[in-house]
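With the working numbering, letter number 165 in the sequence shown gets 169, and the count goes up by one each step, no holes.
Here a beta-carbon is modelled for each residue, glycine too, at the ideal position from N, C-alpha and C.
Since we're looking at a predicted model, the values are computed, not measured.
A quick write-up on the structure given underneath.
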Amino acid sequence: MRFFGFGLLSLTGCRMLLGSPRKVATLHPLLTDLARQGGGERVEVIDLIGPNGDPHHFEPNAEDLKKATGARLYLAAGLGLEAYLPALKSLVPPGTRVIETGASLPLLHGGCEDPSHNHDDHEIDPHWWHSIDRFRRATTVVAEAFAKEDPEDAETFRSNAARYRETLDELESWARVRLATIPKNQRQLATTHAAFNYFCSDFGFAAFPIQGINREQSPSPVELAKLIAELKGKNVAAIFPEKESNPKLLEVLTRDTGIRLGNPLIADGTNSATYETMVRSNVETIVTGLTR
């Protein structure tokens, strides 16, 4: 497995001076938004993955880490999503903390079969951010991490987090109202990756992830026939693709089941300006797809 691409030698040979504790590096698009919300003007957020980055395939190289020179904190989603974290922890300067934001949150087990993830034989589902409640709890995790690095501004960070939690409260209330328009017998959420179990748990949907559907992997003819039968038997109204769904396989599934193809869902915050943008987009996509 490739860790950090080229440049490991140059990274280990250079000095990364410990700078301001207010400089924070993020390894997930949604944590970039969370860090900005919680830190405000007191924190400089170094977004290593970028707004279009995919957390499933991102591995920081020496040039990425050079951008984060002086950062005392790295924020990761955790729970094995970033398989490179052990290597990262060995490369950052002494005293730098890598915070696995999801590690202290209430978690769901099972549902992820992505071999690139490293979470104890996939017993823990790492996609906690699809629960607004978990994301709201994560504001405290981040605020306290900031406060530990910069005690003088601790109350500012806590105040920022409290204010953002009010925004998330409103977002959750809005989502519940919109999703209530979907009849209960149509609340089957079929997606092309097991990323929405937390969403389904929070909002009363049955999760039906189509495992293994990506551009590199397709089910065998026997597996495909079984999948088609399951979809027909689950009263699934729509299949929602994601960024890296296999288009040919989705075409076969929709053709052979008669189930319509919904608009794409945003699984990891990619191409979303903020967490709120992602949630609103996904909720509207699901409502539209299941109430036609």
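Please confirm if the stretch 31-41 is in contact with the stretch 154-161, defined as three or more CB-CB distances below 8 Å between the two stretches.
-> no
Answer with buried or exposed for residue 68, where buried requires no fewer than 16 other C-beta atoms within 10 angstroms of its C-beta.
-> Result: buried.
So, is residue 298 buried or exposed, given that buried needs 16 or more other C-beta atoms within 10 angstroms?
-> Nothing in the structure corresponds to residue 298, since the chain is present only between 5 and 296.
Which term fits residue 242, buried or exposed, when burial requires 16 or more other beta carbons within 10 angstroms of its beta carbon?
-> buried
Helix, strand or coil for residue 291, going by three-state DSSP, please let me know.
-> Correct three-state label for residue 291: helix.
Is there a Cβ from chain C that is less than 7 Å from the Cβ of residue 97?
-> As a matter of chain content, chain C is missing from the structure shown, which is built from one protein chain.
Note down, in chain order, each residue of its chain lying with its Cβ closer than 6 Å to the Cβ of residue 266, except the 5 sequence neighbours on either side.
-> 242, 244 and 293
Based on the DSSP output, what are the partners of residue 192 in its beta bridges?
-> 210
Nearest-angstrom Cβ-Cβ length linking residue 74 and residue 161, presumed shorter than 8 Å = Actually they are not in contact, since the Cβ atoms of residue 74 and residue 161 sit about 19 Å apart, beyond 8 Å.
Which one or two residues does DSSP pair with residue 27 in a beta bridge?
-> Per DSSP, 48.
Three CB pairs or more closer than 8 Å across the stretch 167-179 and the stretch 88-103 = The stretch 167-179 and the stretch 88-103 do not touch, with fewer than 3 CB-CB distances between them shorter than 8 Å.
So residue 49 and residue 186 are in contact, right, with Cβ under 8 Å, and what is the actual spacing, rounded?
-> With a Cβ gap of about 36 Å, residue 49 and residue 186 do not count as contacting.
Determine the burial state of residue 295: buried for a count of at least 16 other Cβ atoms within 10 Å of its Cβ, exposed for fewer.
-> exposed
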